[in-house]
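> Chains A and B are the protein sequences, given in the same order. If you're matching positions, the first sequence starts at -1 in my numbering and goes up one per residue. If you're matching positions, the second sequence starts at -1 in my numbering and goes up one per residue.
Protein chains: 2
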Amino acid sequence: MAEFPEEPIYRQLARIGRTLASPVRLRLLDVLDQGERTVEQLSDEADVPLKNTSAQLQQLRAAHLVTSRRDGTRVYYRLADERVSRFLGELQDFAGDRLADLREAVSTHLGDPATLEPVTAEELALRLAGPGVVVVDVRSAAAHARGHVPGAVSVPVAELRDRLGELPRDAEIVAYCGGPYCVVSPRAVRLLRDHGLRARPLEGGITRWRRAGNRLEEGPATG
Amino acid sequence: MAEFPEEPIYRQLARIGRTLASPVRLRLLDVLDQGERTVEQLSDEADVPLKNTSAQLQQLRAAHLVTSRRDGTRVYYRLADERVSRFLGELQDFAGDRLADLREAVSTHLGDPATLEPVTAEELALRLAGPGVVVVDVRSAAAHARGHVPGAVSVPVAELRDRLGELPRDAEIVAYCGGPYCVVSPRAVRLLRDHGLRARPLEGGITRWRRAGNRLEEGPATG
DNA sequence: CGTTTATTCTATAGTTCTTTGGAATAAAGG
DNA sequence: CCTTTATTCCAAAGAACTATAGAATAAACG
């Protein structure tokens, strides 16, 4: 096989596939798709041990999927460019088409998506301007501060039960979390509905919001 | 990490990446992108030992990238559907964007693409109708018989030098081979030019021709 | 400068993937 | 049925990848 003249080309091509072949790296990419992060932030948000995070980031960088910059003692990582984000989206769509097992894993963990009546990013973008919609960011306060849907209120799931009173009963609540596979917002929607509130999840989370070309707002929690 | 609730989802997603992480499987997919093949044909065309071909096909099938049907003693494999072909194209484009090393590998093996002035599939589709163009399929006669650009003449590279006389000096010759990374057609174009013929390669080979929505013609060599 | 903090490098154990020989299966033909 | 041909299953050796401990580097701060 080594004599096959195209072999080096296919070997290089396979490097991209190999880079996308690890659940840990995919998770890191999904976090990075939400914006720039330090190694430690990535380690926290993706729940990957620090050293392993660093090791995997080296591989992502070697494959030119991410770039890094140093600022003082911190190193910040980000996706190399928009095409990486777009390709990740295509990979996820393609995998969704392909793997019955993936659908099953998604349903098991997120529940049947249909019953939650998710709001698409396009729909939310239109309705943000008007009244009657409250957007709730159920990720950590730290993740919220690093970039959120404009006007969204930060209510980490852990605090949701205790802060139900802060949410309007007459408006529709749109809850979102991180990547397209984040389990947090469906759980939050169920909790809210159990308490008589009208709630729907944002389809694809903040990642799809960003991919759809919408801007993010930065800064500390406002709610 | 195992407690991370999305873990099973990312694991499934990574399965697609892992399936695309092997040069051997990518080569098999590129051959299958030219049409249905038996295990033995694949083994020949991709130059992979038979048993390994079979083993890798099992993995591709497990990932739902290919399907198979049995006819008598033969088992025929094909891409599961058009989306697989489309996604392979996207992967190749993305990898091309990404990997400087890939560009280098391509140039080393195929020569600088620009000097060859490749013809795009769209351009060829338009010009096929008119005169002044002769399309030459430099793959094996067997591969040609399994599907070729309509009207193309079969001249396997090995025979090209001896059959130069059959080619017109007053028309433009478009030579093509298998996948987008096939090294054969650029080599053929150089040979033809060295003998004073006007020749250009088909960009992306027959794979991109097919992906662009053009039909293939089946049957034995006509030239 | 010496110390502290953030991150990376080096080495390694454990795991998973690839390849291949030998046996098994499945269909076709005598 | 027995044989032949095409393909797959099983098992084992070898290669490559993941995760992590321990040492090293790089910047900031006193």
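Using N, Cα and C, we set each Cβ at its ideal position, and we do this for glycine too.
Could you give the first and the last residue of the continuous alpha helix (DSSP H) run that contains B/Y228?
Summary: the structure shown does not reach residue 228 of chain B, with chain B confined to residues -1 through 221, and so no result is reported for it.
> Can you tell me whether A/P47 is buried or exposed? The criterion is at least 16 other CB atoms within 10 Å of its CB, across all chains shown.
exposed
> Listing by chain order, which chain A residues have their CB less than 8 Å from the CB of B/P21?
E5, Y8, R9, L11 and A12
> Just how far apart, CA to CA, sit B/R206 and A/L162?
56 Å
> Give me the chain B residues within the contact set of A/A103, using Cβ-Cβ distance strictly less than 7 Å, ordered along the chain.
P6, I7 and Q10
> Where A/V151 and A/V132 are concerned, what is the direct C-alpha to C-alpha distance, given to the nearest angstrom?
8 Å
> Going by the CB atoms, is the gap between A/L108 and A/V181 shorter than 8 Å?
Their beta carbons are under 8 Å apart, which means A/V181 touches A/L108 by this criterion.
> Figure out for me which residue from B/G145, B/S138, B/Y74 and B/A169 has the closest Cα to the Cα of B/V155.
B/S138
> Could you name the residues of the region 76 to 90 of chain A whose beta carbon sits closer than 9 Å to any beta carbon of chain B, in the order they occur along the chain?
Going along the region 76 to 90 of chain A in chain order, one finds A78, D79, R81, V82, R84, F85, E88, L89 and Q90 with a Cβ nearer than 9 Å to chain B.
> Closer than 7 Å, Cβ to Cβ, to anything on chain B: give me those residues from the region 181 to 212 of chain A, in chain order.
Residues V181.
> Going along chain B, which residues have a C-beta under 7 Å from A/H62?
R96 and L97
> Quick check on the burial criterion: 16 or more other C-beta atoms within 10 angstroms. Buried or exposed for B/T106?
exposed
> Is A/E43 buried or exposed, if buried means 16 or more other CB atoms sit within 10 Å of its CB?
buried
> Would you identify the three-state DSSP class for B/Y179, choosing helix, strand or coil?
Secondary structure of B/Y179 (DSSP, three-state): coil.
> Helix or strand or just coil, what does DSSP make of A/R213?
Coil.
> For A/S138, does the three-state DSSP call read helix, strand or coil?
coil
> Taking A/A173 as part of the beta strand (DSSP E), name the residues at either end of that continuous run.
E170 to Y174
> Among A/G15, A/R25 and A/L124, which residue has its Cα nearest to the Cα of A/A210?
A/L124
> Could you check whether the Cβ of A/Y179 sits closer than 8 Å to any Cβ belonging to chain B?
yes
> B/A93 and B/L86: beta carbons closer than 8 Å?
no
> Taking the alpha carbon of A/L200 as the point to measure from, which residue in A/P116, A/L158, A/L214 and A/G145 has its own alpha carbon closest?
A/P116
> Using the beta-carbon of each residue, which ones in chain B are nearer than 9 Å to A/R16?
G15, R16, L18, A19 and S20
> Taking DSSP as the reference, what is the three-state secondary structure of A/P199?
strand
> Whether or not the region 31 to 43 of chain B and the region 139 to 147 of chain B are in contact is what I'm after, with contact meaning three or more pairs of Cβ atoms, one per stretch, closer than 8 Å; do they touch?
yes
> For A/R25, which residues in chain B fall below 7 Å Cβ to Cβ?
Y8
> For B/L165 and B/L195, which I take to be in contact (beta-carbon distance under 8 Å), what is that distance rounded to the nearest angstrom?
6 Å
> Comparing the C-beta of A/A119 with each C-beta of chain B, is any distance below 8 Å?
no
> Along the chain, where does the beta strand (DSSP E) that runs through A/S20 open and close?
DSSP places A/S20 in no beta strand (DSSP E); its state is neither H nor E.
> Which value, in whole angstroms, describes the spacing of the CA atoms of A/L214 and A/V134?
14 Å
> Compute the beta-carbon to beta-carbon distance between B/Q57 and A/A103, rounded to the nearest angstrom, for a pair I have assumed lies under 8 Å.
With a Cβ gap of about 19 Å, B/Q57 and A/A103 do not count as contacting.
> Can you list, in chain order, the residues of its chain whose CB lies under 7 Å from that of A/G203, leaving out five sequence neighbours each side?
Y174, C175, G176, G177, P178, C180 and S183
> Helix, strand or coil: which one does DSSP assign to B/T36?
strand
> What's the C-alpha gap between A/V136 and B/L122?
Distance from the CA of A/V136 to the CA of B/L122, rounded to the nearest whole angstrom, comes to 54 Å.
> Can you look up A/V82 in the DSSP assignment and give me helix, strand or coil?
helix
> Report yes if the CB atom of A/Y8 is closer than 8 Å to the CB atom of B/P21, and no otherwise.
yes
> Please list the residues of the region 145 to 157 of chain A that have a C-beta atom closer than 8 Å to any C-beta atom in chain B, keeping them in chain order.
none
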